[in-house]
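Residue numbers (the numbering used here), protein chains in the order written: chain A, 163 to 458; chain B, 163 to 458.
C-beta: ideal position from N, C-alpha, C; glycine also.
Beneath this line is the structure, given in structure tokens, with notes to follow.
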């Protein structure tokens, strides 16, 4: 199976599970469930869930067991997009080429959709299968890690600094802060959740963490580069929006060539951290290549 | 110790713990932590945390052990107030006599404050003390219950229906739906969390659940009555706001006298469910009287 086929297979499993875990549209009050599904099934690449599943496999675990955690992290990611798009935040009308949640359902529902996805994420984690008495302890540990990654030391902290930086010249340190929190924190939580739930030892966990942090950075730098060089059709939003919004990016602070070199270097570090693993980590290796060469 | 002294003692313990669990104002990015503390320390009565502590005591448990759960539920309650007050929702400028979060910190930060409090609530639950191997299992169970109570089948579902009902004539069934979710769900989760974490047996848990559901209903009906008969100084907001906003309330749908009778009946049912317990549930009994006769 090629990498793209494997990614599509995993996305299929994740979408099927998300469809099962999300309340049906017909559940009262219907509008919130319809609006949750609108944003969850909006064509995301499902990279974070793939990281959860692939980290489980890399340490000899079972992907079915960690599936609720993979879905939980995708719901967290979706909640953050819905709230970031709000008029009071980034005020975005389009996301992946479709109207944003608040443009379709209104601001009040969009706020509640984010709240509901965040809440459901923790419900899914608490519902992870317990096959042995030790499993509850691992689940509690994962919930603590995910809550830490999603909180003001992670995802939310990154968004706060991003908002405060709007229209300002920021330094490299602040740019790093924003991205290690907005992107890095959930990448890190994804691999760590999959690995912890599969009984990873401390050294495996440490290597996978280095992998995730560097993969997250490469992903973000490429995101910034695509905003300059990308194809609008493929990325689903207008190019040049960062420049037009005076947004600090890696190319803006370091120059385009240096930013590309940084993305390659992060990718190499991510791959290097996997030297510790055998063929069971091949998907994680190929994912680095995919992130570095992606066009959307 | 009188009931009011006991309530104040518990609020003191909870406030001290909240102060410890909430990130310091000096933690970067400072504004989010300052804004979280602004709403958490806004003079709440701490009834929900008191329910967690008192349920633990009622089943022979230790209040210090369940303190993180008591704080988690207060954070959930606060998050829901901050988001409900937003311009896109109830658009309230005042809460407990002070400007609402978004009036002080702006809408973007207020959205993120709610997100951060919700996230921190789950982090606190995952950090509950594990004194024996069985404790992790109880913690996972409590996280699942709290997530259910806070989600679209609970708190969020109630808020969705409340918003959809604005300016409309709603029936008694819909009014019940809103209040069993907006108030009842967290009351229920409070007593159940305290009891589960203290090793309650199924019958104790069942009785405490009936207690909480009826206490929550009495609380809400009295809230509606205070909006008509209350003292603005004591309740910290203008009276008559429900009538002015065409809001469905128990007095509006049933008449004032019948609403008062319903509150008394719910209070009796709450007290009746405690017949099963001895003096260790006295605080829970006195809390019913307090809720029924409160002036704020």
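- For residue 241 of chain A, the enclosing alpha helix (DSSP H) covers residues 225 to 246.
- For residue 365 of chain B, the number of other beta carbons within 10 angstroms of its own is below 16, and it is reported as exposed.
- With a threshold of 7 Å between beta carbons, residue 281 of chain B makes contact with chain A.
- If you look at residue 217 of chain A, you'll find it in the alpha helix (DSSP H) that goes 209 to 220.
- DSSP places residue 261 of chain B in the strand class (E or B) of the three-state scheme.
- Using a CB distance below 7 Å, the part of the stretch 244 to 257 of chain A facing chain B consists of 245, 248, 250 and 251, ordered along the chain.
- Near chain A, meaning a CB-to-CB distance below 9 Å, the residues of the stretch 191 to 202 of chain B are 191, 193, 194, 195 and 198.
- Residue pairing for residue 280 of chain A: DSSP places it in no beta bridge.
- The C-alpha of residue 389 of chain B is placed about 38 Å away from the C-alpha of residue 319 of chain A.
- With respect to chain B, the C-beta atom of residue 325 of chain A has a partner C-beta closer than 7 Å.
- Minimum Cα-Cα distance from residue 408 of chain B among the listed residues B:386, B:391 and B:393 corresponds to B:386.
- Put simply, the stretch 367 to 380 of chain A touches the stretch 431 to 438 of chain A. At least three CB pairs are less than 8 Å apart.
- Per DSSP, reduced to three states, the secondary structure at residue 290 of chain B is coil, with no helix or strand assignment.
- In this structure, A:301 is the residue among A:297, A:301 and A:295 with its C-alpha nearest to the C-alpha of residue 283 of chain A.
- Interface flag for residue 270 of chain A against chain B is set, since a Cβ pair is found closer than 7 Å.
- Per DSSP, the unbroken alpha helix (DSSP H) holding residue 340 of chain B starts and ends at 334 to 341.
- Looking only at A:377, A:298 and A:403, the smallest Cα-Cα distance to residue 452 of chain A is reached by A:377.
- Bounds of the alpha helix (DSSP H) holding residue 377 of chain B are 364 to 391.
- Contact between the stretch 190 to 199 of chain B and the stretch 273 to 283 of chain B is established, with three or more Cβ pairs separated by less than 8 Å.
- Boundaries of the alpha helix (DSSP H) harbouring residue 350 of chain B: 347 to 359, taken from the DSSP string.
- The beta carbon of residue 269 of chain B lies closer than 7 Å to those of 248 and 249 in the same chain, with the five residues before and after it left out.
- Beta-bridge pairing by DSSP links residue 256 of chain A to A:261.
- Secondary structure note for residue 164 of chain A: it is in no alpha helix (DSSP H), with a DSSP letter that is neither H nor E.
- Counting only residues of its own chain and dropping the five nearest sequence neighbours on each side, residue 252 of chain B has a CB closer than 6 Å to the CB of 246.
- Within chain B, the C-beta atoms nearer than 7 Å to that of residue 314 of chain A come from 185, 194, 195 and 278, in chain order.
- Taking a contact as a CB-CB distance under 8 Å, the pair residue 261 of chain A and residue 236 of chain A does not count as one, their CB atoms being some 21 Å apart.
- Here residue 294 of chain A is exposed, its C-beta having fewer than 16 other C-beta atoms within 10 Å.
- Considering only B:349, B:445, B:324 and B:422, the residue with the shortest C-alpha distance to residue 220 of chain B is B:445.
- According to the DSSP assignment, residue 330 of chain A belongs to no alpha helix (DSSP H), since it is labelled neither H nor E.
- Looking at the backbone, the Cα of residue 442 of chain A and that of residue 353 of chain A are separated by about 14 Å.
- Remark: C-beta atoms of residue 317 of chain B and residue 428 of chain B do not approach each other more closely than 7 Å.
- Within the same chain, and ignoring the five residues on either side of residue 218 of chain A in sequence, the residues whose Cβ sits closer than 6 Å to its Cβ are 225, 228, 356 and 360.
- Residues 206, 210 and 348 of the same chain have their beta carbon placed closer than 8 Å to that of residue 239 of chain A, with the five preceding and five following residues left out of the count.
- Ranked by how close their Cα comes to the Cα of residue 175 of chain B, the residues B:233, B:184 and B:166 have B:233 in first place.
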